[in-house]
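The listed protein sequences correspond, in order, to chains A and B. The numbering used here applies: residue 5 is where the first sequence begins, and numbers increase by one. The numbering used here applies: residue -10 is where the second sequence begins, and numbers increase by one. Positions of the beta carbon are idealized from the N, C-alpha and C atoms, including for glycine. See structure below.
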Amino acid sequence: MDSLSNKKKVLEQKPLTLGERLYLPAITKGLSITFSHLFKKAATVRYPEVEREFSTNYRGLHSLKRDEEGRERCTACGLCALSCPAEAITMIAAERKADEKHLYREEKYAATYEINMLRCIFCGLCEEACPKEAIYLDGPIVPADYLRKDFIYGKEKLVEKPLEK
Amino acid sequence: MSDNKVKVTIDGITVEVENGTTILNAARQIGGDIVPPAMCYYSKLKGSGGKCRTCIVKVSKGSEKDPRPMPKLVASCRTTVMDGMEVQNITSPEVLEARAGVVEILLINHPLDCPVCDQAGECDLQDLGYEHGLQKTRYEFERRTFERIDIGDKIQLHMNRCILCYRCVYTADQLTDGRVHGVLNRGDHSEISTYIEQAIDNDFSGNVIDVCPVGALTDRTFRFKNRVWFTKPVDAHRDCPTCSGKVTLWYKGPDVLRVTARKDQFGEVEEFICNTCRFETKNTSDWTIIEPTKISDTSVIAANHYETLRPLPVIKTNEQLREANKKELEKTIKY
Chain A
5 MDSLSNKKKV
15 LEQKPLTLGE
25 RLYLPAITKG
35 LSITFSHLFK
45 KAATVRYPEV
55 EREFSTNYRG
65 LHSLKRDEEG
75 RERCTACGLC
85 ALSCPAEAIT
95 MIAAERKADE
105 KHLYREEKYA
115 ATYEINMLRC
125 IFCGLCEEAC
135 PKEAIYLDGP
145 IVPADYLRKD
155 FIYGKEKLVE
165 KPLEK
Chain B
-10 MSDNKVKVTI
0 DGITVEVENG
10 TTILNAARQI
20 GGDIVPPAMC
30 YYSKLKGSGG
40 KCRTCIVKVS
50 KGSEKDPRPM
60 PKLVASCRTT
70 VMDGMEVQNI
80 TSPEVLEARA
90 GVVEILLINH
100 PLDCPVCDQA
110 GECDLQDLGY
120 EHGLQKTRYE
130 FERRTFERID
140 IGDKIQLHMN
150 RCILCYRCVY
160 TADQLTDGRV
170 HGVLNRGDHS
180 EISTYIEQAI
190 DNDFSGNVID
200 VCPVGALTDR
210 TFRFKNRVWF
220 TKPVDAHRDC
230 PTCSGKVTLW
240 YKGPDVLRVT
250 ARKDQFGEVE
260 EFICNTCRFE
270 TKNTSDWTII
280 EPTKISDTSV
290 IAANHYETLR
300 PLPVIKTNEQ
310 LREANKKELE
320 KTIKY
């Protein structure tokens, strides 16, 4: 059969020479490379104890922001969920009550807000879609876990810590 | 040509219409992109129109007898056609610029709270704003603000968002007996009111929600329940003793979140529905479902619904390649 690509190379297999048949020179050469790496700077870091510096536009775990008065910015407009190509975001809106004005910025807020981190592809479209500057992908890498249900992050994990008074 | 028919040319398209038809309705008979937008005109409401000025067009030739152009842009919902009239809508940059200005004026007192507003996604003013590139406002002064008013326990009035199109007033006047809904004060202080916040008890009062082009009158039973584009509209009907019973159900999963009247291509309701249909019957068992509502592909409501799963072909079929592949496959079967 003719070659389809014409890139085929025919290798000639010659019998091994005496030096090659001894194996030892090749093994010492290989191991010396291995040992020399013990004294070089490691190429890896010991994650999670040590973390590499992220680039400034790195997109990690989402966080739901608060405004300067510590009120949640999210108003559950649903544009993040609409723009999400992986359909990872779901939310349920609720109306702010009169005594909750210090908690939520607008008259509507997200009562539940869930992001499925297994679906999320960290594209950052939710961040771009948000009209209230409420969601940013400025967190660390999403940690590993054992159960699928634990990857559905609710508001308790996503919302920023309240301001220290 | 008979006596009561006149010829009118809109953006180069000639149409023959009844004498006395407005330019807007003549354009609607042609259809397509040349139909001027209308915020206050409503074909089902007598006397509506002439308020918002978004439907302005340029009349470049008055008529066959008097071919002079009209000196100013005219409101197409209130100007009747003349024989031989030539109208420019989207072909005239002057009209588009003037319309953008009108939209900007409509948005002066509008709070731009679309992320909170339940009308977002099916709002005429939002569409108009985006079409004319006015997502932002230049207005720097304090907007007029009003408190939210509950009109009965089913309808909510956000006067902040109102553009004073008077559609709801005409609806209340013409569909309901007795005048319970009107406009108070004048000019900048104008306000839709129900005369000392009197609840509307009429069976058809819920229709003011459907006719409202913005989010000023909204359904309290749907308030903040969900965003319009996450719900799925389905046409349905039921034997209603008071109205036609022809509605659109807005589903989220198995639940009917909202019932509205069916809207035609110009965003006007086909038939007004009663309050029982709108507010009381929100179970699938109450309705006979007909079909999914046709939603334009450009509407945000159609987003993520995947109704037309016809992706464009990425690779063109290559007969030669197909034949070669077949040969290669046969080879592998042999050995």
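TODO: Report buried or exposed for S36 of chain A, applying the criterion of at least 16 other Cβ atoms within 10 angstroms of its Cβ.
DONE: It is exposed - the Cβ of S36 of chain A has fewer than 16 other Cβ atoms within 10 Å.
Task: Option in B:E86, B:I152, B:S65 and B:D190 with minimal Cα separation from L164 of chain B - done: B:D190
- [ ] Please name the residues in the region 88 to 121 of chain A whose beta-carbon is closer than 8 Å to at least one beta-carbon of chain B, in chain order.
- [x] Residues of the region 88 to 121 of chain A with a C-beta less than 8 Å from any C-beta of chain B: E91, A97, A98, E99, E110, E111 and K112, listed in chain order.
Open item on the list: For a quick check, are the C-beta atoms of C134 of chain A and I93 of chain A less than 8 Å apart?
Closed with: No.
Task: Whole-angstrom C-beta distance between N196 of chain B and V237 of chain B, which should lie under 8 Å - done: Just to set this straight, residue 237 of chain B is Thr in the shown sequence, not Val. T237 of chain B to N196 of chain B, Cβ: 13 Å. No contact.
TODO: Let me know the secondary structure DSSP gives A87 of chain B once reduced to three states.
DONE: helix
Task: Complete alpha helix (DSSP H) runs within the region 2 to 49 of chain B (minimum length 4 residues, chain order) - done: 12 to 19
TODO: For N174 of chain B, count neighbouring C-beta atoms within 10 Å of its own C-beta (all shown protein chains included) and say buried if the count is 16 or more, exposed if not.
DONE: The residue in question, N174 of chain B, is exposed, as its Cβ has fewer than 16 Cβ neighbours within 10 Å.
TODO: In the DSSP assignment, find the unbroken beta strand (DSSP E) run with K(-4) of chain B in it and report its ends.
DONE: From DSSP, the beta strand (DSSP E) with K(-4) of chain B extends over K(-6) to I(-1).
Task: Between the CA atoms of Y108 of chain A and A102 of chain A - distance to the nearest angstrom - done: Rounded to the nearest whole angstrom, the C-alpha separation of A102 of chain A and Y108 of chain A is 11 Å.
Open item on the list: Could you check whether F213 of chain B and K112 of chain A sit closer than 8 Å to each other, using their CB atoms as the reference points?
Closed with: yes
Task: Short Cβ contact (8 Å threshold) for K143 of chain B with N264 of chain B - done: yes
TODO: Within 10 angstroms of the Cβ of S194 of chain B, are there 16 or more other Cβ atoms? Answer buried if so, exposed if not.
DONE: buried
Task: Of the residues B:I152, B:N98, B:D139 and B:T80, the one placed nearest Y128 of chain B, counting alpha carbons only - done: B:N98
Task: Inter-residue spacing [alpha-carbon to alpha-carbon] between G82 of chain A and G73 of chain B - done: 50 Å
- [ ] Determine the closest residue to G204 of chain B out of B:L146, B:N78 and B:Y30, with distance taken between C-alpha atoms.
- [x] B:L146
TODO: Answer with yes or no whether the minimum CB distance from C84 of chain A to chain B is below 8 Å.
DONE: Interface flag for C84 of chain A against chain B is unset, since no Cβ pair is found closer than 8 Å.
Task: Beta-carbon contacts of T3 of chain B that lie in its chain and below 8 Å, excluding the five residues immediately before and after - done: K(-4) and V(-3)
Open item on the list: Strictly by DSSP, which residues pair up with M74 of chain B?
Closed with: B:V(-3)
Task: Under 7 Å from the C-beta of A328 of chain B: neighbouring residues of chain A - done: Chain B is shown from -10 up to 324; residue 328 of chain B falls before or after that span and cannot be answered.
TODO: Look at the alpha carbon of E73 of chain A and the alpha carbon of L167 of chain A, and state the distance between them as a whole number of angstroms.
DONE: 8 Å
TODO: Whole angstroms is fine: what's the gap from N14 of chain B's alpha carbon to M148 of chain B's?
DONE: 30 Å
TODO: Identify whether I185 of chain B lies in helix, strand or coil by the three-state DSSP scheme.
DONE: In this prediction, I185 of chain B has a pLDDT of 44, which is less than 50 and means its spatial position is unreliable; what the coordinates show is noted afterwards. Look at I185 of chain B here: in three-state DSSP terms it is coil, with no helix or strand label.
Task: Residues in the region 67 to 82 of chain A having any Cβ partner in chain B nearer than 7 Å - done: Listed in sequence order: T79, C81 and G82.
Task: Y27 of chain A classed as buried or exposed, judged by whether at least 16 other C-beta atoms fall within 10 angstroms - done: Exposed.
Open item on the list: Assuming N196 of chain B is part of the alpha helix (DSSP H), what are its boundary residues?
Closed with: N196 to V200
Task: Proximity to P58 of chain B [Cα-Cα], best of B:P202, B:K305, B:V76 and B:R67 - done: Among B:P202, B:K305, B:V76 and B:R67, the Cα nearest to that of P58 of chain B belongs to B:V76.
- [ ] Taking only the alpha-carbon atoms, compute the straight-line gap between E160 of chain A and I140 of chain B and give it to the nearest angstrom.
- [x] 37 Å
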